[in-house]
Each structure stands twice: as C-alpha cells, then as structure tokens.
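Order-wise, the sequence lines are chains A and B. The working numbering numbers the first residue of the first sequence as 1 and each following residue consecutively. The working numbering numbers the first residue of the second sequence as 318 and each following residue consecutively. Don't be surprised by glycine CBs; every beta carbon is placed ideally from N, CA and C. Computed from a predicted structure; not experimentally measured. Here is the structure we will look at.
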Amino acid sequence: MHLTKSIFSRDPLPRTLPTQESMQSIAEELQGYIKDCIIQSRVYGYKEKIAKRDYHNISLTQNMLRVLSTQACKYPELLDRSLTFKSIVAGNWWRNQHHIAVRGCPGYLLCTPQPLTPFADKNEVRSTLNNPGQDLGPVSPIIDMSEYQIEPNITYGFHPGSPYPYPHTLFIVDRKTKSRPTSQMLSHGIMYSHAILRAVALNVLKMEVGQELKDHPLAMNTIMTNGRMFAFIYYQLNTLNLEDDDGLKNLVWIKHTVPLFGKVKKKEGVIRFGQECWQLWLSTIINGIDLQNISEEYRTMQQLYNHESDQKMKAVA
Amino acid sequence: VNQLAMASKFRFGAILSSKLDYNFIHSAAPLQNRAIVEKKNIFKKLKHGKVRIGGRDGTGRKSVGCRGGGHKRLYRLIDFVRAPLVESGPKTAPLPVDIVKSKVLAIEYDPNRSARIAQVADMKRKYILAPIGLEAGDIITASRGPPTSLADIQRGDAYPLQHLPIGTIVHNIELVPGKGGQLVRSAGTSAQIIRKEKGEVRRLNTHGTYVTRPGKVVVIRMPSGTDRPINADCMGTVGRLSNENHKHRILGKAGRMRWLGWRPRMKKKFVVKVR
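Set out below in structure tokens:
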C-alpha cells in the first residue's frame, strides 16, 4: 500500500457496483450452472486421486466466465470484451528515492473498449489530500525486495491502437500447492493493478509522469482465487506522482477470504454454497453493463416463445 | 585466519561505510563455525547449516570430552553488534553517529543457545538476543552515541556503557568496542553497572593487535558476583535475558542429555590418569 501511495476508502465496497436486486434474475438463473462447474472441477475433471490446484483452479474460473457468457443474447455487451491469457505487465516508478519495478504475467486480463466508471466521487478523491497515508515505523517498505538490473519498460501487454484498451478485471489464479497467506496474494493484486493502470495512463491517455488524474481517474477490479477462497480488490488510480507523501492518494477497496463453497461430494454435491461470493463475483464482472437495456432480439424471441407455448397449450386442451 | 584480523576488518569496514551496511557476521562467531563464516562473506538468509564438531579440534583428535551426537541444528545469525562502530582518525572531522531503530516482529526459539531470540526489522531482517518482556510490535533503538533522554531508555535498547546510568541492568556486553557482545549471554542472566572511573582500557590497534591505554572504565558486577572493569565505549543492552527458568528445568532422563549433544560422563574416582 505504501509503495503505491494508496489508502483504504471509508466504504467497505464501492457504491458503483450493481445491486443485488438488479442482478437477482441472472443470479438465480445461473446458480445451478455454477454449482455444476464446481462439481466438474473438483470431482470429475481429472484422472488422479486428488484434484491438483493447477487443474481445478483454472477450470473453475474459465467455466464460470463461459456460464456468464450464455446471457449474451440478453446483454450483448458481455461479449464485447477481450480475454487475454498471458498479458505481460511491466511498470516502474519512483517512491521516496526507491526505484520500484513490477514485472510478470499475473493471469487473465479482461479488457473493454470503454473505461470503467470510477468507484469514488470527486469529493472523496479530494479528501485524500488530508490523509497522511500508512505509517510503517522503522521498518523500510523495501525490506524483502531484491535488486535487479532491468529495462525501464511500461506496458500491460497491448500495442497502442488496440480495440480493447481499458482493463476491466484481472484474474489471479494461485497455482502453488502450498497455501499462501492472503496478505501475500493481496499485495500481488495491488501492485499489478497499479502497474496496469499506470501503463494505461501513460500509453493510452498520453499523460506525463507526476501528473494527477483529477478529471478522469482510472479504475479496475482484480479477483484472486485458490480454488475455494476468493479475494476481491477494487483499485482506483488518482495520481501518477508517487515521489512525495503529499497530494492525492490512490484508493483501494478489499474483500478477502470469501468462500465460494464449503465442501464438494459426489452424491451430495456442493455443501454450503457461498451466496456472498457469488453475488460479489457477478457484480464485479457485470459492472459497466446497463442491466435495464435488454436487447430487442431477446424480447422478440421471448414473445415468440410465449406465443408458441400458448398455441400448444390450447391444442392440448 | 586470526579472529583479531577478522575484528580489525570489521572495524575499518565500518569506518569506510559508516552506514548500516555492516557485516555483523564477523562479530563473535563461535570457534566451531569459523570455517563456514569465512567462506561466505554475505548471507542472504539468516540461517545456515552447522557442522557437528563432537569435541574434536583441527587435527581431528578429541580436545574436549563427553561431546557428540545430538539433534541436528541450524545456526541462526545473531546480531551481537547492534550498531556499527564509527571512529574518525585524528586528522579527519568527526563522522555522524547512526541511530538504529527497529521493530520487533516475533520471538523465536534458538537451539544453539539457552536464551530466546527476537526477529527484528529495520532496513533488513535480523535476529537479536531477546530480553524478558520484549514483545512483537515493540520499537528498540541502538546507537554508539548518547540517548536522546534517559527516560526513553527501555529494555532491548543498546547504548555505550558510559551513557547508561549507574544501576542499570544490562546484558550482551562487549569487551572490545565494535567486536560484538561477548559477556552475559545466557538465559536469565544480567549484569549491573556499579561505578564509572578512569583506568586502563583495552582497544584494537590499526594493525589488529590489542593495546592498553588510559581511558574511561565502567565497573560491572557479573552474574558470578565479581566486579569487572570494562571499556566505557563498549555497548551493553538494557534488560535481563529471557527464559529465566532455564536453570530450574529437570531433564528427567539420560536420553535427554544425549539429545542435547552430551555423551556420558564418568565419575572422577573411576577415571584413570595416563602418564
């Protein structure tokens, strides 16, 4: 948090996320399919005795996205996105006389043609001026980091002029068999999301290092899993000036250790399905889509279906 | 390689850098592990393997009896120096003195000593000897200069003995300034400052030899009860060492001594002296 000059927001979750009432119809329709995805990844998707984290983690995330895409006939904007599997993220910045760099292929990146609406208002962004930031004490922020000689590149995997330039969500999938503490995973998510948004601001919006994004702050989501537990990070970039502790700060919303399910058994199926996790996951991915704007094709198809079913009922009667 | 030359290397390395990049490994390394320490100059991790000596010396013959076996141990690198020694020559200007502030992260077990150790972090992660009452989250200071005020001195802080008030309880006391703490390092032990006076003081010369010169001396009462004069520039850590019930433990069986690396010891009347 200190290295990216970011602070926690007052609200536990951003207000611009779609509410439960607006998503109710979709959530009820797809809940059964999601449970089938879980059973497939944990029980039937492998030949060995136990499901390895490599298999069930990746298959779960991909299948959940496919299940959501079945709603594309209703909301065609769901398919107007690009999903990249190995986006190379590279970023570097100066923070209190330390030159910090981020490198890696964190996971799947979902991009959209338009940027996400910022999670926080202008008033909340202005109130970060008074916040002094995190106080680490005598412990230095680069204590466990190592020095490398690298080229100072700033990219997020896309050339300029791509049709889907703005990142929407980043899926970080934990593939290590040893369970890692959530703090490590969260730090991954914060650093990578900051690096991606920084690259967008510098390459796409053509901003300069040290500038503040007052009028058009950038926002993105990250979802991290280890197969059962999910963590959600919502990051908003307000400044590119990280050398000092003054000025605007970036905002972070975090919700971690949210289980999607308790156990999975062959006969009984999914035990203790996590409604909260499912609702959060849906709201992060549907964020940006107008749920009231249903396509005309879907409406005509619905009318036709009803008309046909009425005729058949009459014939039977 | 001589231990004296090692100490001299450390000392002048500290003068050149005068910052926190000192190599505390050269301070008070146990005799058994000298070979391992000399090979690797810079350690990335704080633990490394330890060769079990079994009481044998460099020739391979037994020099100390009743040693051998025992559970395998990893050696933890302990910072006995706490703050690097910075001395300027007679013709140069005085160099600034560093104040090292660090935060305690956790208190851990060390199989190589009776006291507990504390993992501490400032610019790097380090281990120090843990005094009684030290907890995770505490902030401790160390410097070769005087403290900001005598009321700010807490357990775990390390200062030169001349700057500590008479009557303070200290541990991990140096004998030669800059070398690292050598006295009072066992569990539950502590020494007390009795008086300050002038006398003969032992120091390291530029050539790496010991030299006695007149200087300030601090007299300390050791755990055995004897009074010992020590160079006033030597560092001491405030407080009494942890694990004070170490001497009251009951081993219970002979096998527990064997786990600790002690072989059976014969009674004196049965020992035959070979002429």
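- Among the bridge pairs identified by DSSP, aspartate 544 of chain B is matched with B:Arg538.
- Contact with chain B is found for proline 138 of chain A, since one of that chain's Cβ atoms lies less than 8 angstroms from the residue's Cβ.
- Annotation: the continuous alpha helix (DSSP H) that includes tyrosine 33 of chain A extends over 24-39.
- Taking the CA atoms as reference points, aspartate 54 of chain A sits about 19 angstroms from glycine 189 of chain A.
- With 16 or more other Cβ atoms inside 10 Å of its own Cβ, alanine 549 of chain B counts as buried.
- Cα atoms of leucine 291 of chain A and phenylalanine 232 of chain A: separation of roughly 22 angstroms, rounded to the nearest angstrom.
- Beta-carbon to beta-carbon, valine 264 of chain A and isoleucine 39 of chain A are separated by about 6 angstroms, close enough to satisfy the 8 angstroms threshold.
- Buried is the label assigned to glycine 498 of chain B, since at least 16 other Cβ atoms lie within 10 Å of its Cβ.
- Cβ-Cβ distances below 6 angstroms link tyrosine 75 of chain A to Ile289 in the same chain, with the five nearest sequence neighbours on each side left out; the list follows chain order.
- Using a C-beta cut-off of 8 angstroms, the region 199-211 of chain A makes no contact with the region 262-279 of chain A, since fewer than three inter-stretch Cβ pairs fall below that distance.
- In this structure, the beta-carbon distance from alanine 438 of chain B to valine 139 of chain A falls below 8 angstroms.
- Phenylalanine 8 of chain A has A:Val252 as its beta-bridge partners, per DSSP.
- For glutamine 279 of chain A, the uninterrupted alpha helix (DSSP H) segment begins and ends at 275-286.
- Put simply, the region 536-550 of chain B touches the region 479-495 of chain B. At least three CB pairs are less than 8 angstroms apart.
- At least 8 angstroms separates the beta-carbon of histidine 56 of chain A from that of proline 141 of chain A.
- Secondary structure remark: continuous alpha helix (DSSP H) runs of at least 4 residues inside the region 53-83 of chain A, in chain order: 53-69.
- With contacts defined by Cβ atoms closer than 8 angstroms, glycine 556 of chain B and arginine 502 of chain B do not form a contacting pair.
- Fewer than three beta-carbon pairs drawn from the region 585-592 of chain B and the region 515-535 of chain B are found closer than 8 angstroms, and the two stretches are therefore not classed as touching.
- According to the DSSP assignment, isoleucine 196 of chain A belongs to no beta strand (DSSP E) but to the alpha helix (DSSP H) extending over 182-203.
- The criterion of a C-beta distance shorter than 8 angstroms is satisfied by leucine 363 of chain B and leucine 394 of chain B.
- In this structure, asparagine 238 of chain A keeps its C-beta atom at 8 angstroms or more from the C-beta atom of threonine 117 of chain A.
- Relative to lysine 379 of chain B, the option among B:Asp469, B:Gly366, B:Ile370 whose CA is nearest is B:Ile370.
- Counting along the chain, the unbroken alpha helix (DSSP H) around glutamate 124 of chain A starts and ends at 122-127.
- Under the three-state reduction of DSSP output, glycine 385 of chain B falls in the coil class, being neither helix nor strand.
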